[in-house]
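Count along the sequence shown starting at 1, add 37, and that's the number in the working numbering. The C-beta atom is built at its ideal place from N, Cα and C for all residues, glycine as well. Bear in mind that the values here come from a model prediction, so they are computed numbers and not experimental data.
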Amino acid sequence: MVQSKKQKNLFLAFCLIPTFILFAVFTLYPLFSGLYYSFFDWSGSSQNKEFIGFANYIKLVKDAIIPNTIMHDYFLVVTKVIGIMILALFFAVALTQLKIKEAPFYRIVFFFPNIMSVVVIGILWTFIYNPSLGLVNSGLEFLGLESLAKPWLGDETWALPSLVLPSIWAGIGLFMLMLIGGISNISKSYYEAAEIDGANEWQQFWKVTLPLIWPQIKISILYIVITTLNGSFIIVQVMTGGGPNNATHVMGSYLYQQAFVQYNFGYGATIGVMILILSLLTVLVLQFFMRRDKIEY
């Protein structure tokens, strides 16, 4: 059926305008609103807003807690990327290459944490880390390692590292499935050719599997980084509330404390602008270092 140029433009407008409206309402409007409010001294609940220019940004630079929140965020980024990608890649290769009969069942088991609310995961792991009744300390006592038992979430040294394990546990399944999809699309003829050339399984993994699933690996890493910088405050808020003594505060949880606990909404918006800038810079840097030519065999 031949369509006129006007009909095509109307069809494109019909498809794109609703999407753009939703994007403007839920992305652009909050973005520019946060930038706008960062120039005001505002509690977030009153009608009185006092324009203070860059005072919030000067306060941000002088705030002694901010550098710690940034370090905490990037600590979680690095540990989650390493932990999730190693385990997700291991399980993806195992479930696709080792011909395990129960592979569909294991896929469901590993993906199960991804359908759970982050709040539920946080509460669950809070009980696991409980000093008296938790599985961690009980397991250490059972093994005769009582000296290693400690109040994990109440210890300034161990509180932040204790958040890594539940974060990794909750994220393995999704990225494992992404990698399984990439591995499943690799033609078996590549492995057969590599085997004929004398490559063992480890060499096949490095020379065939890894290069051909690099797009999935790259997307996974970027997704982990973005969601960690913008969403790690949820599990922090549920499990530690930023304590003890600000030892687990990340940028998002500190924003929440400033905006919705201390009612310093303008300063909270300023922290939000900082999170946006750091997220964009981090993604751009990663895109630069992870760029590589598309590989075809």
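(request) Report the rounded CA-to-CA distance for Trp251 versus Ile220, giving the unit in angstroms. (result) If you take the alpha carbons of Trp251 and Ile220, they lie about 10 Å apart.
(message) Please state the DSSP three-state secondary structure of Glu87.
(response) strand
(request) Would you kindly check if the distance between the Cβ of Tyr304 and the Cβ of Gly81 is under 8 Å? (result) no
(message) Do Leu113 and Ser204 have their beta-carbon atoms positioned less than 8 Å apart in this structure?
(response) For Ser204 and Leu113, yes; Cβs fall inside 8 Å.
(message) Distance check for Glu232 and Leu317, CA to CA, integer angstroms please.
(response) 43 Å
(request) Could you name the residues of the same chain whose beta carbon sits closer than 7 Å to that of Leu126, not counting the 5 residues immediately before and after it, in chain order? (result) Leu216
(message) Can you give me the C-alpha to C-alpha distance between Cys52 and Ile89, rounded to a whole angstrom?
(response) 42 Å
(request) Verify whether the separation of the beta carbon atoms of Ile254 and Met108 is less than 8 Å. (result) It is not a contact, given that the beta carbons lie outside the stated cut-off.
(request) Keeping to the same chain, check which residues put their C-beta closer than 8 Å to that of Ile314; ignore five residues upstream and five downstream. (result) none
(request) In the DSSP assignment, find the alpha helix (DSSP H) that holds Ala140 and state where it starts and stops. (result) Ala140 to Phe148
(request) Compare the beta carbon distance of Ile6 and Leu185 with 8 Å and say whether it is the shorter of the two. (result) A query on residue 6 cannot be resolved here, the shown segment of the chain reaching from 38 to 334 and no further.
(request) Can you tell me which of the three DSSP states Asp78 falls into? (result) strand
(message) Is it buried or exposed, Phe325, if we count other Cβ atoms within 10 angstroms and call 16 or more buried?
(response) exposed
(request) Since I believe Lys117 is in contact with Val201 (beta carbons under 8 Å), could you give me their beta-carbon distance rounded to a whole number of angstroms? (result) The pair is a contact, with the Cβ atoms about 7 Å apart (cut-off 8 Å).
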